[in-house]
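Right, one structure below, let's go through it.
Numbering (this note's numbering), first residue to last: 3 to 423.
Shown next as structure tokens:
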């Protein structure tokens, strides 16, 4: 079948990896766009990513109300459910294709990060090798903002809006206490790149370089205990308190995580967490009499849709729409990318990149965006990140609390025998 030839069949969309505040906006974009094309007969969702495919756990998204689909744009978590399962064996891959054939899946859209795009790439190549007409398009999703090629990732704008807001609020609290010699350590996510921690720099007011955060500790800058202690002492002398933001992926001069546990996930990545505790212990050991406290934002930073960026949500929706449009045009084995316009005012367009260029790659924070001191960001980063946090996600409230969409999740009848790996 040629790329331009019409392909009639069903859509399957899934979510994978850690949720973001806007991953559901991409699903809403896929559903909204898919319903506009006569080539698409049914629109299905897989529950819990590839696990739902293996277990033939599919739902009918076309049967959901328009209100529910619209509501996804202001709903955190992953409405379809997610997973971190890695397809392990040929039997797993064969089962995926078997389920696709049984349900006439001809369009597969997978929203996720580095590992998810690798999974999509492998499924696409398997279908090609077996002569099964399938169009696979990845949808970028990661708060880490570390996917190659794309200018930025849906999910990033919202997480840094929440973090920079939280840092401003904590700073106000610290200043109001009139407490001297206090070190506050805020731990944020980010395994291999410092994009999230860097986003805290937006908390600083323009032309107020001494605003919090006073130190940003990034994976891109090898950690030195001696320099760190000197930096903290300098800030305490000037400000009487010190607010530090540390990324969980902080590494020492040998490239080792300062907070790595012994366990790993299904893809072999170290399970991180504890960087703030490590920094706290260094403060207490090296600066007697100084009080050190930790704040671990944890899952709140990726779920805080109430503090989300409208720009981020809109771009996530756009990415979902673009994925469907690309597949209808005949594209496959690609991921949607976001391209920043070359204008004085911020604009964005979508593009496509081969999944193989995205899979398992990591885009680091450019060193030239980090000041020479290694603990603060310069104007280049601020210019890059500021447009991504603009606008507020339109959350609906009842009785003072946000309301979120809940899908009916009407099951698609199973056709195949149960799968046993």
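C-beta atoms are modelled at their ideal positions from N, C-alpha and C, and glycine is treated no differently.
Since the structure is predicted, the reported quantities are computational estimates derived from the model, not experimental observations.
Task: Whole-number beta carbon distance between residue 51 and residue 16, since they are thought to touch under 8 Å - done: In the chain shown, counting from the first residue as 1, residue 16 sits at position 14. In the chain shown, counting from the first residue as 1, residue 51 sits at position 49. The pair is a contact, with the Cβ atoms about 5 Å apart (cut-off 8 Å).
TODO: Tell me whether residue 264 sits in a helix, a strand or coil according to DSSP, three-state version.
DONE: For the purposes of this step, residue 264 is taken as the residue at position 262 of the chain shown. Annotation note: pLDDT 42 at residue 264 (below 50); position unreliable, coordinate value reported separately. Of the three classes helix, strand and coil, the one that applies to residue 264 here is coil, per DSSP.
Open item on the list: Let me confirm a value: residue 357 is counted as buried when at least 16 other C-beta atoms fall within 10 Å, else exposed. Which label applies?
Closed with: By one-based count along the chain shown, residue 357 stands at place 355. So residue 357 ends up on the buried side.
Open item on the list: Can you check which of these residues, 413, 421, 54, 422, is closest to residue 64 by C-alpha distance?
Closed with: The residue labelled residue 64 in the question sits at position 62 within the chain shown. Nearest option by C-alpha distance: 413.
- [ ] May I have the straight-line CA-CA distance separating residue 411 from residue 71, to the nearest angstrom?
- [x] Counting from 1 along the chain shown, the entry for residue 411 is found at position 409. Counting from 1 along the chain shown, the entry for residue 71 is found at position 69. Cα to Cα, residue 411 sits roughly 12 Å from residue 71.
Task: Contact set for residue 66: own chain, Cβ-Cβ below 7 Å, skip 5 residues either direction - done: Stepping through the chain shown from its first residue, residue 66 is reached at position 64. So the qualifying residues of the chain are 409, 410.
Task: Own chain, CB closer than 8 Å to residue 100, minus 5 neighbours either side, in chain order - done: By one-based count along the chain shown, residue 100 stands at place 98. Answer for residue 100: 418, listed in chain order.
Open item on the list: Relative to the C-alpha of residue 239, which candidate in 185, 315, 179, 359 has its C-alpha closest?
Closed with: Counting from one through the chain shown, the residue named residue 239 turns up at place 237. The option with the nearest alpha carbon to residue 239 is 185.
Open item on the list: Assuming contact is defined by CB atoms lying nearer than 9 Å, are residue 78 and residue 156 in contact in what I supplied?
Closed with: For the purposes of this step, residue 78 is taken as residue 76 along the chain shown, with counting starting at 1. For the purposes of this step, residue 156 is taken as residue 154 along the chain shown, with counting starting at 1. Contact flag unset, no.
TODO: For my contact list, residue 115 and residue 165 are in at a C-beta cut-off of 8 Å; report their separation, rounded to the angstrom.
DONE: Reading the chain shown from its first residue, position 113 is the one you call residue 115. Reading the chain shown from its first residue, position 163 is the one you call residue 165. Wrong, their Cβ atoms sit about 18 Å apart, outside the cutoff.
Task: In chain order, each beta strand (DSSP E) run of at least 3 residues that lies wholly inside the segment 168-216 - done: 184-190
Open item on the list: I need the straight-line Cα distance from residue 148 to residue 25, nearest angstrom please.
Closed with: Reading the chain shown from its first residue, position 146 is the one you call residue 148. Reading the chain shown from its first residue, position 23 is the one you call residue 25. Straight-line Cα distance between these residues: approximately 16 Å.
Task: CA nearest to the CA of residue 173, picked from 128, 220, 212, 28 - done: The residue labelled residue 173 in the question sits at position 171 within the chain shown. The candidate whose alpha carbon is nearest that of residue 173 is 212.
Task: Start-end ranges of the alpha helix (DSSP H) lying completely within the segment 9-56, minimum 4 residues - done: 25-36, 51-56
Open item on the list: Using the Cβ count rule (16 or more neighbours within 10 Å means buried), how would you classify residue 28?
Closed with: Within the chain shown, the letter at position 26 stands for residue 28. Residue 28 is buried by the Cβ-count criterion.
TODO: Quick one: using the 10 Å Cβ neighbour count with 16 as the cut-off for buried, is residue 206 buried or exposed?
DONE: As a first step, residue 206 is located in the chain shown; it is residue number 204 there, counting from the start. Label assigned to residue 206: buried.
TODO: Look up residue 416 in the DSSP assignment and say whether it is helix, strand or coil.
DONE: The residue you call residue 416 lines up with position 414 of the chain shown. In this structure, residue 416 counts as coil in the three-state DSSP scheme.
Open item on the list: For residue 216, count the other beta carbons within 10 Å of its own beta carbon; 16 or more makes it buried, fewer makes it exposed. Which is it?
Closed with: Walking along the chain shown from the start, residue 216 turns up at place 214. The residue in question, residue 216, is buried, as its Cβ has 16 or more Cβ neighbours within 10 Å.
- [ ] Can you give me the Cβ contacts of residue 1 inside the same chain, cut-off strictly under 6 Å, excluding the 5 residues immediately before and after it?
- [x] Outside the shown range of the chain (3 to 423) lies residue 1, about which nothing can therefore be said.
Open item on the list: Buried or exposed for residue 226, going by 16 or more other Cβ atoms inside 10 Å?
Closed with: Here residue 226 refers to the residue found at position 224 when the chain shown is read from its first residue. Classification of residue 226: exposed, given that the 10 Å Cβ count is below 16.
- [ ] Could you tell me how far apart the beta carbons of residue 222 and residue 366 are, in whole angstroms, since I believe they sit closer than 8 Å?
- [x] By 1-based counting over the chain shown, the position of residue 222 is 220. By 1-based counting over the chain shown, the position of residue 366 is 364. Indeed, because the Cβ distance is near 6 Å, the residues count as touching under 8 Å.
TODO: Would you identify the three-state DSSP class for residue 359, choosing helix, strand or coil?
DONE: Counted from its first residue, the chain shown places residue 359 at position 357. Of the three classes helix, strand and coil, the one that applies to residue 359 here is helix, per DSSP.
- [ ] Indicate the three-state DSSP secondary structure (helix, strand or coil) for residue 117 in the structure shown.
- [x] Numbered from 1 along the chain shown, position 115 holds the residue referred to as residue 117. DSSP places residue 117 in helix when its eight states are reduced to three.
Open item on the list: Just verifying my parser: in three-state terms, what is the DSSP assignment at residue 127?
Closed with: Working through the chain shown from its first residue, we reach residue 127 at position 125. Three-state DSSP puts residue 127 in a helix.
TODO: Give me the Cα-Cα distance between residue 232 and residue 247, rounded to the nearest whole angstrom.
DONE: For the purposes of this step, residue 232 is identified with residue 230 of the chain shown, where counting begins at 1. For the purposes of this step, residue 247 is identified with residue 245 of the chain shown, where counting begins at 1. Distance between the alpha carbons of residue 232 and residue 247 is about 16 Å.
Open item on the list: In whole angstroms, give me the CA-to-CA distance for residue 136 and residue 98.
Closed with: Along the chain shown, one-based indexing puts residue 136 at 134. Along the chain shown, one-based indexing puts residue 98 at 96. Cα to Cα, residue 136 sits roughly 12 Å from residue 98.
Task: Candidates 324, 390, 56: closest to residue 421 by CA position - done: As a working mapping, residue 421 is identified with position 419 in the chain shown. Answer by Cα proximity: 56.
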